[in-house]
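Numbering (this note's numbering), first residue to last: 510 to 751.
Here you go:
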């Protein structure tokens with residue numbers, strides 16, 4: 510079985526919308542609905558688990574019903590942090606998934622996730638045990654001396670940026686989080702699943718990243734997403750007109 514775990518437990522304070530960013534409406538539709546639809550229509554995904562901010566679970570249920578997300582089988586309460594939410598989501602499926610099943614972890618606030626990226630993340634995971642959508646770095650890079658300056662450059666060709674989604678063989682992922690919780694490691698790490706894997710000495714495998722943007726974090730990202738939607742609709746109309 511291949512399950513998409515959509516993380517929607519954050520608050521998104523940098524957007525300044527007075528609500529979690531994944532519930533902001535763009536062209537009359539919640540960001541989360543766009544994200545869920547991408548996994549609903551993906552042929553590799555058998556089911557969806559939504560990890561949601563506790564106070565917004567009822568709203569999430571309404572979105573699932575309104576937009577016909579029939580693959581949504583579980584809603585799990587999110588944690589106080591990214592790692593807490595991910596751990597909750599992973600362990601919530603402990604009695605459902607087998608070790609060889611696959612879990613696709615995705616940000617609820619990343620509605621532009623490409624079908625090609627989902628497929629390739631799963632493909633790489635089947636080969637190596639994980640598949641992390643990754644991209645080369647376009648900007649010149651440096652190591653910060655403080656928040657205002659740097660004295661050390663970093664060769665960007667040696668770097669890779671992790672995008673969305675991240676896919677894992679379930680048994681290995683579950684064991685990693687159970688170990689991290691039992692040892693207290695989870696509270697000490699930089700808050701991402703990839704950081705946990707690195708801390709445990711595991712290798713991360715790169716998969717495709719073709720989407721125009723990773724996730725919505727700031728108000729400008731919402732504007733970008735709205736413009737991107739309007740452009741897709743315009744191109745669709747032009748194609749239908751011949």
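For glycine and all other residues, C-beta sits at the position ideal for the given N, C-alpha and C. From a predicted model like this one, the values you see are computed outputs, not experimental measurements.
Classification of residue 746 by the beta-carbon crowding that lies within 10 angstroms, buried from 16 upward: Exposed, by the Cβ-count rule.
Residue environment, residue 561, which counts as buried when at least 16 other CB atoms sit within 10 Å: buried
Residues bridged to residue 561 [DSSP beta-bridge criterion]: Checking the DSSP bridge columns, you'll see residue 561 partnered with 517 and 586.
The region 601-609 in contact with the region 696-712 per 3-pair CB rule at 8 Å: no
Where the alpha helix (DSSP H) through residue 642 begins and ends: Unbroken run through residue 642 is the beta strand (DSSP E), 639-644; no alpha helix (DSSP H).
Neighbourhood of residue 663 by C-beta distance below 7 Å, restricted to the same chain and skipping five residues each side: 650, 651 and 652
CA-to-CA distance, residue 630 to residue 639, given in whole angstroms: Rounded to the nearest angstrom, the gap between the Cα atoms of residue 639 and residue 630 is 8 Å.
Burial state of residue 636 (16 or more Cβ within 10 Å): Residue 636 should be labelled exposed.
Buried versus exposed call for residue 683 [16 or more other C-beta atoms within 10 Å across all chains shown]: buried
Buried/exposed call for residue 544, threshold 16 Cβ in 10 Å: The C-beta of residue 544 has 16 or more other C-beta atoms within 10 Å across all chains shown, which makes the residue buried.
Pairwise C-alpha distance: residue 705 and residue 689: C-alpha separation (whole angstroms): 8 Å.
Burial state of residue 594 (16 or more Cβ within 10 Å): buried
Residue 573: first and last residue of the uninterrupted alpha helix (DSSP H) it sits in: First-last of the alpha helix (DSSP H) with residue 573: 566-575.
Neighbourhood of residue 701 by C-beta distance below 8 Å, restricted to the same chain and skipping five residues each side: Within the same chain, residue 701 has close Cβ partners 591, 592 and 671.
Residue 673 versus 531, 626 and 634, residue with shortest Cα-Cα distance: 626
Nearest residue (CA-CA) to residue 641, options 715, 563 and 725: Checked all of 715, 563 and 725; the closest Cα to residue 641 is 715.
Neighbour-count burial assignment, residue 661, 16 or more Cβ in a 10 Å radius: Looking at its Cβ environment, which holds fewer than 16 other Cβ atoms inside 10 Å, residue 661 is exposed.
Counted within 10 angstroms of its Cβ, other Cβ atoms place residue 575 as buried (16 or more) or exposed: exposed
Residue 646 versus residue 530 - alpha carbon distance: 26 Å
Selected residue, minimal CA-CA separation from residue 610, among 622, 598, 517 and 634: 634
Distance, residue 546 Cα to residue 450 Cα: Given that the chain is displayed from residue 510 to residue 751, the structure contains no residue 450 and the question cannot be resolved.
Helix, strand or coil at residue 649 [DSSP, three-state]: Per DSSP, reduced to three states, the secondary structure at residue 649 is coil, with no helix or strand assignment.
Cα-Cα separation between residue 555 and residue 535, rounded to whole angstroms: 27 Å
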